[in-house]
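Engineer: As numbered in my numbering, residues 590 to 919 make up the sequence shown, in order.
Structure incoming, see below.
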Amino acid sequence: MAWFPTDADCLDYLEWLRWPDGFVCPRCGHEVGWRLADGRFGCAGCGQRSSVTAGTIFDRTRTPLTVWFTACWLFATQKDGVSALSLQRALEISSYQTAWAMLHRLRSVLIRPGRERLRGRVEVDETFIGGEEPGLRGGRQRGKKSLVGVAVEVREPKGFGRCRMAILPDASVASLHRFVAANVEPGTTVVTDGWPGYSGIDELGYRRDRRSQRAARLRGDDPFALLPGVHRVASLAKRWLLGTHQGSVDDAHLPSYLDEFVFRFNRRTSRSRGLVFHRVLELAVAHEPVRYRELILNPEPKKKPPAGRPGWGHPPSLERPPANRPWRAA
Ligand SMILES: [Zn+2]
590 MAWFPTDADC
600 LDYLEWLRWP
610 DGFVCPRCGH
620 EVGWRLADGR
630 FGCAGCGQRS
640 SVTAGTIFDR
650 TRTPLTVWFT
660 ACWLFATQKD
670 GVSALSLQRA
680 LEISSYQTAW
690 AMLHRLRSVL
700 IRPGRERLRG
710 RVEVDETFIG
720 GEEPGLRGGR
730 QRGKKSLVGV
740 AVEVREPKGF
750 GRCRMAILPD
760 ASVASLHRFV
770 AANVEPGTTV
780 VTDGWPGYSG
790 IDELGYRRDR
800 RSQRAARLRG
810 DDPFALLPGV
820 HRVASLAKRW
830 LLGTHQGSVD
840 DAHLPSYLDE
850 FVFRFNRRTS
860 RSRGLVFHRV
870 LELAVAHEPV
880 RYRELILNPE
890 PKKKPPAGRP
900 GWGHPPSLER
910 PPANRPWRAA
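Structure representation (structure tokens):
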């Protein structure tokens with residue numbers, strides 16, 4: 590809050606992140622431009638006018654940047670993140686949709702293209718997530734669940750490294766091979782159970798370490814202890830969805846919640862929350878715009894805004910004047 594008291598300070602920070610060595614035209618790549626009176630830039634090469642936020646997730650936003658920065662700070666610094674409802678309260682904005690869409694835009698930037706795949710020794714398994722409906726007894730009575738692939742680096746002698754999660758269409762050879770290839774570096778030892786969907790991954794360049802659940806049961810061992818890493822990650826993810834988001838995550842948006850969980854898990858040992866904030870904004874100015882209609886492709890956010898001016902007011906800026914020590918004025 591000391592760093593970003595005004596919307597102009599926030600804009601300058603985004604400019605510094607996006608063009609650390611000065612203006613670069615987003616259209617032609619020309620590096621000479623001038624600042625126009627309205628704060629935008631004109632390109633000396635092609636004449637295009639562009640702003641710091643154009644072509645980023647802040648493109649055409651009508652939410653003041655101080656509100657964005659506060660949302661991003663809460664998103665990045667709270668250990669378990671923040672729900673749309675608590676964000677709406679924290680920002681004191683009237684629109685649940687605005688808070689909901691801001692969080693979804695932040696989630697959508699977390700996956701960096703070309704990020705490194707998992708390596709070393711990696712456990713891979715599938716689990717079912719979602720479909721929790723209050724009032725239904727557990728087990729088979731639950732609502733529709735999604736099949737999720739989980740991969741976790743296992744460290745010697747103990748502990749876990751990074752993880753990856755993704756929705757799988759099914760547990761077939763084709764789906765599981767695609768999941769492993771997308772998330773695990775070839776040459777890695779992949780630890781799986783005896784499911785035939787993993788057969789043949791050695792032909793893709795992996796070493797398979799197959800742990801048979803049946804053999805474990807016959808030995809009297811706990812079959813769930815065969816893949817401790819994936820079970821740990823899967824149960825943390827389920828607990829997080831039920832805790833922070835109260836389980837109100839629909840199928841269509843589950844992938845972006847999984848992205849957020851993976852982002853948090855992989856930074857769980859990061860000591861500087863401020864660096865995570867910096868990183869999210871850095872990804873945000875490097876990410877193309879995400880339109881509201883893309884976010885709501887299927888379902889609308891569940892909660893309706895309070896009656897009155899339903900959800901269309903834009904939140905006021907959170908700008909604060911420089912502190913003038915009111916306690917001394919009295
Ligand atoms: Zn240009």
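The beta carbon of each residue, even a glycine, is placed where N, CA and C say it ideally should be.
1. Alpha carbons only, please: which of E715, V879, L830 and I682 is nearest the one belonging to M754?
2. For P904, count neighbouring C-beta atoms within 10 Å of its own C-beta (all shown protein chains included) and say buried if the count is 16 or more, exposed if not.
3. Does DSSP put S755 in a helix, in a strand, or in coil?
4. Kindly identify the DSSP beta-bridge partner or partners of D714.
5. Compare the Cα-Cα distances from A679 to each of R629, S697 and T659 and report the closest residue.
6. Between the alpha carbons of K747 and A690, how many angstroms are there, rounded?
7. Taking 9 Å as the threshold (C-beta atoms), are C617 and W657 in contact?
8. Listed by chain order, which residues have C-beta atoms less than 6 Å from any heavy atom of ligand 1?
9. Would you give the residue range spanned by the beta strand (DSSP E) that E630 belongs to?
10. Please report the distance separating the alpha-carbon of C635 from that of P910.
11. So for W623, helix, strand or coil by DSSP?
12. Taking all protein chains shown into account, do 16 or more other C-beta atoms lie within 10 angstroms of the C-beta of L757, making it buried, or fewer, making it exposed?
13. Whose C-alpha, out of Q802, D627, E745 and E792, is nearest the C-alpha of H766?
14. Less than 8 Å between the CB of R799 and some heavy atom of ligand 2, yes or no?
15. Tell me which same chain residues have a C-beta within less than 8 Å of the C-beta of T687, skipping the five on either side of it?
16. Please go through the segment 621-704 and give each complete alpha helix (DSSP H) segment of 4 or more residues, from N-terminal end onward.
17. Which of helix, strand or coil does DSSP assign to F749?
18. Does the count of Cβ pairs from the segment 870-878 and the segment 636-649 closer than 8 Å reach three?
Structural biologist: Looking at the coordinates:
1. The residue you call residue 754 lines up with position 165 of the sequence shown. E715 is the residue among E715, V879, L830 and I682 whose C-alpha sits nearest the C-alpha of M754.
2. Position 315 of the sequence shown holds residue 904. Counting C-beta atoms within 10 angstroms of its own C-beta, P904 has 16 or more neighbours from the protein chains shown and is therefore classed as buried.
3. Your numbering for residue 755 matches position 166 in the sequence shown. Residue identity differs from the one stated: residue 755 is Ala in this sequence, not Ser. In the three-state scheme derived from DSSP, where H, G and I count as helix and E and B as strand, A755 is classed as strand.
4. Along the sequence shown, read from residue 1 onward, the residue named residue 714 stands at position 125. Answer is V739, bridged to D714.
5. By one-based count along the sequence shown, residue 679 stands at place 90. Of the candidates R629, S697 and T659, the one whose C-alpha sits nearest the C-alpha of A679 is T659.
6. Taking the first residue of the sequence shown as 1, we reach residue 747 at position 158. Taking the first residue of the sequence shown as 1, we reach residue 690 at position 101. Spanning the two alpha carbons is a distance of roughly 39 Å.
7. To locate residue 657, count along the sequence shown from 1; it is residue 68. To locate residue 617, count along the sequence shown from 1; it is residue 28. Using a Cβ distance threshold of 9 Å, W657 and C617 do not count as a contacting pair.
8. Counting only beta-carbon distances shorter than 6 Å to the non-hydrogen atoms of ligand 1, the qualifying residues in chain order are C614, R616, C617, H619, C632, G634, C635 and Q637.
9. Reading the sequence shown from its first residue, position 41 is the one you call residue 630. The question names Glu, but residue 630 is Phe in the sequence shown. Counting along the chain, the beta strand (DSSP E) containing F630 begins and ends at F630 to C632.
10. If you number the sequence shown from 1, residue 635 lands on position 46. If you number the sequence shown from 1, residue 910 lands on position 321. Straight-line Cα distance between these residues: approximately 39 Å.
11. Within the sequence shown, numbered from 1, the residue matching residue 623 stands at position 34. Here W623 carries a strand assignment [DSSP, helix/strand/coil].
12. Taking the sequence shown and counting its residues from 1, the one referred to as residue 757 is at position 168. It is buried - the Cβ of L757 has at least 16 other Cβ atoms within 10 Å.
13. Residue mapping note: residue 766 aligns to position 177 of the sequence shown, counting from 1. Selected option, being the one with the closest Cα: E792.
14. The model on display carries ligand 1 but not ligand 2.
15. On the sequence shown, residue 687 is found 98 positions in, with the first residue counted as 1. Once the five neighbours on either side are set aside, the close Cβ partners of T687 are T652, Q677, G900, H903 and P904.
16. 654-666, 673-680 and 685-697, all fully within the segment 621-704.
17. Reading the sequence shown from its first residue, position 160 is the one you call residue 749. Note: F749 maps to strand in three-state DSSP.
18. Flag = yes, the segment 870-878 and the segment 636-649 touch.
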